[in-house]
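In what follows, a structure is listed as structure tokens, so that the remarks can point back to it.
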Amino acid sequence: DGLWLLYDNEADPFQKNNLVGKGAYASLQKGLEDHLQHLLKESRDEFLPGPELVRRSGYVISERSGTVNYNIPFDKRNFTKSPL
Numbered sequence: 028d029g030l031w032l033l034y035d036n037e038a039d040p041f042q043k044n045n046l047v048g049k050g051a052y053a054s055l056q057k058g059l060e061d062h063l064q065h066l067l068k069e070s071r072d073e074f075l076p077g078p079e080l081v082r083r084s085g086y087v088i089s090e091r092s093g094t095v096n097y098n099i100p101f102d103k104r105n106f107t108k109s110p111l
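Numbering (the working numbering), first residue to last: 28 to 111.
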């Protein structure tokens, strides 16, 4: 369905009809997006993907699996900056 999901849980309890991008809900969608951006800015959260947060925390990500390689000990030299 894409990055965002918006459902009317009363009218659509099984969440079959994603309302994102539908004209009747454009104002609500914009309000929610504006609120999210405000909260992210207020908390200084860059809304980064998980692998980037892990990388910035100093752990090594396995190229093969894309996950943290826990066989490589944590090394402060890998630390780039606060993940948040």
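Glycine included, each C-beta is placed from N, C-alpha and C at the ideal position.
Residue state for V87 is assigned as coil, using DSSP reduced to three classes. Between the alpha carbons of Q64 and T94 lies a gap of roughly 28 Å. In this structure, DSSP gives V47 a state outside helix and strand, which the three-state scheme calls coil. Segment contact: the segment 46-54 against the segment 65-81, fewer than three CB-CB distances shorter than 8 Å; contact not assigned. An exposed status is given to Y97, since fewer than 16 other beta-carbon atoms sit within 10 Å of its beta-carbon. It is roughly 10 Å from the alpha-carbon of K43 to the alpha-carbon of L33. Taking C-beta atoms as the reference points, P76 and I88 fail to come closer than 7 Å.
Our two residues, L59 and N36, have alpha carbons roughly 16 Å apart in a direct line.
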